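**Student:** Pasting a structure below so you can have a look.
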Amino acid sequence: EVLSMTSSSKAVNLEPHVKSLHITLAYHFDVTAFDALQSLVGELRPLESPSWELRLYSRDPRFANHQVYKVVQSYTAKASDELELVLGDYIYMEQKELDASPDGWVHGTSWLT
């Protein structure tokens, strides 16, 4: 367990990870939610002293209307039009394409490439 919460009404479920931990607390949130989010951050109580590394990522404007998915299962491409999926990579794809796909295959772009 990595974090504990001071309030029993809130739950945080995290997988233990030996190398690093990434937490995105809010993304594209409405300005009116700032105070509530700041309050939640104040309630986080790490069990160990953290070693912080700050990284800033900018999002490629070509993918502004795309969703980002993290690869949780590797896949070796079997055809020239398939993308190899590497654990931990991120894939950009349009949600409308995923919703319209009859078989689950969609066009995607790897963050690593």
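Taking my numbering, the leading residue of the sequence shown gets 940, the next gets one more, and so forth. We put the CB at the ideal spot given by N, CA and C, even for glycine. Bear in mind that the values here come from a model prediction, so they are computed numbers and not experimental data.
Is it true that the CB of Met1032 sits closer than 9 Å to the CB of Tyr1014?
**Tutor:** Within the sequence shown, residue 1014 is the residue found at index 75, counting from 1. Within the sequence shown, residue 1032 is the residue found at index 93, counting from 1. In this structure, Met1032 does not lie closer than 9 Å to Tyr1014 by Cβ.
**Student:** Counting only runs of 4+ residues fully inside the region 972–1029, write out the alpha helix (DSSP H) ranges in chain order.
**Tutor:** With a minimum length of 4 residues, the continuous alpha helix (DSSP H) runs that stay inside the region 972–1029 are 973–982.
**Student:** Give a yes or no on whether the C-beta atoms belonging to Leu976 and Phe968 are separated by under 9 Å.
**Tutor:** Along the sequence shown, one-based indexing puts residue 976 at 37. Along the sequence shown, one-based indexing puts residue 968 at 29. Yes.
**Student:** Evaluate Val1010 with the Cβ neighbour count: other Cβ atoms within 10 Å of its Cβ, from every protein chain shown; 16 or more gives buried, anything less gives exposed.
**Tutor:** Working through the sequence shown from its first residue, we reach residue 1010 at position 71. By the 10 Å Cβ count, Val1010 comes out buried.
**Student:** What is the C-beta distance between Thr1048 and Phe1002, in whole angstroms, given that I count them as a contact (C-beta under 8 Å)?
**Tutor:** Along the sequence shown, read from residue 1 onward, the residue named residue 1048 stands at position 109. Along the sequence shown, read from residue 1 onward, the residue named residue 1002 stands at position 63. Going by Cβ atoms, the distance from Thr1048 to Phe1002 rounds to 7 Å, so yes, they are a contact pair.
**Student:** Have a look at Glu987, Trp1044, Ser990 and flag the residue whose alpha-carbon is nearest the alpha-carbon of Ala1016.
**Tutor:** The residue labelled residue 1016 in the question sits at position 77 within the sequence shown. Out of Glu987, Trp1044, Ser990, Trp1044 has the C-alpha closest to the C-alpha of Ala1016.
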